[in-house]
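22 is the number of the first residue of the sequence shown in our numbering; add one for each residue after it. Idealized CB from N, CA, C, for every residue including glycine. What you are looking at is a predicted structure, and each value in this text was computed from that prediction instead of being measured.
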Amino acid sequence: MTKSTFGGFVKLTRIMDSLLWIVRHRRAITSYGKDMKRFQDMIIGKTRSLLLLVLGGVCFLGAGGCGPMRFNQEVAGESVFFGYSAESRPIEGELFGKGEDVIFILAAIHGNEQAGTRLVASLSDYLCRHPRLLGGRCVVLMPVANPDGVERNSRGNSYGVDLNRNFATANHVHSARHGEEPLSEPETRIIAAVIRQWQPDRILSIHQPLNCLDYDGQSEALAEHLAGYGPLPLKKLGSLPGSLGSYAAERNIPIITLELPRAADQEDSDALWNTYGGYLRAAITYPDVAE
């Protein structure tokens, strides 16, 4: 098989992957009822990527393989289905790159902290257009970790459990609010499974509304590196019981909690990306300098 023929098959594979992504998220949006805005930017980005890939595929089919093209600079992420929430809403995401340096980025573990979902959508679009960031790296994105909470605009999941207090940690507090047992909730079990499967070298969890850059465990060097990429002050809040921060720290995984202000809810996606996107790019490229 020639290089041009192989490249054509790769393009067609990416076209099918993008189509599957859009179909899967269309079902997800339908299940979320009226709250459709948070996926809008991600779908626009994916549709743009799909159109470019379709053009590349048409060129390949029509010309019998036309060799290197400009469209090669745009790539689509691989859709990933992680599992279902307590109310059977899909928890999905994307996988970019196949490198050994793994970064896991998630948002909306608290359902009333949704600005991070739009920020992750913008990151997805950015990675599609800047695949060079992925050299030697693998980026795992989970834009909505708590879909039932997002549906209710509530901090907890459908059972009222704070998922960020439900991880299996030495400081877990057994209670109705934190879960009678560690990892009692399907959403936290899914996040724990992602960490086991991909074994991330670092984690970035996006929250609101404390307006700071928080870190746990052996993450000080990463936090200081990220601090130069945005306006948030660096502040160590301490290991909270049953939190993802505590869970990662006990496993020696550097973790940053990006605490956006509540006012971020009112910002559009471009404004969010311009203000906070540098943190996400820097988390991916660490310890190298981000563009």
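Out of L116, D122, G104 and E241, the CA that lies nearest to the CA of Q220 is found in D122. Buried is the label assigned to G132, since at least 16 other Cβ atoms lie within 10 Å of its Cβ. Looking at the backbone, the Cα of C233 and that of S267 are separated by about 18 Å. The three-state reading of DSSP puts A128 in strand, counting E and B together.
Excluding five sequence positions before and after A189, the CB atoms of its chain that fall closer than 6 Å to its own CB belong to P203 and L204, given in chain order.
Of the residues assessed, D146 falls on the buried side of the cut-off, its CB having 16 or more other CB atoms within 10 angstroms.
A direct Cα-Cα distance of roughly 11 Å separates G120 from V161. Boundaries of the beta strand (DSSP E) around P282: I276 to P282. Bridge pairing for L255: L234 [DSSP]. Measuring C-alpha to C-alpha distances from I224 to each of E241, L140, I274 and S179 identifies I274 as the nearest.
C-alpha of Q239 to C-alpha of A197: approximately 30 Å in a straight line. Relative to Y236, the option among R210, Q229, A270 and D222 whose CA is nearest is A270.
DSSP places Y105 within a strand segment (E or B) once states are collapsed to three. Per DSSP, the continuous alpha helix (DSSP H) segment holding H246 begins and ends at E241 to L247. Counting C-beta pairs closer than 8 Å gives fewer than three between the segment 240-260 and the segment 148-160, which falls short of the contact rule. Check the Cα spacing between D291 and each of L144, E113 and P168: the tightest is with L144. Nearest Cα to I126 within the set A285, R272, V215 and L184: V215.
Inclusion of H193 and E201 in the CB contact set at 8 Å is not warranted, their separation being larger than that value.
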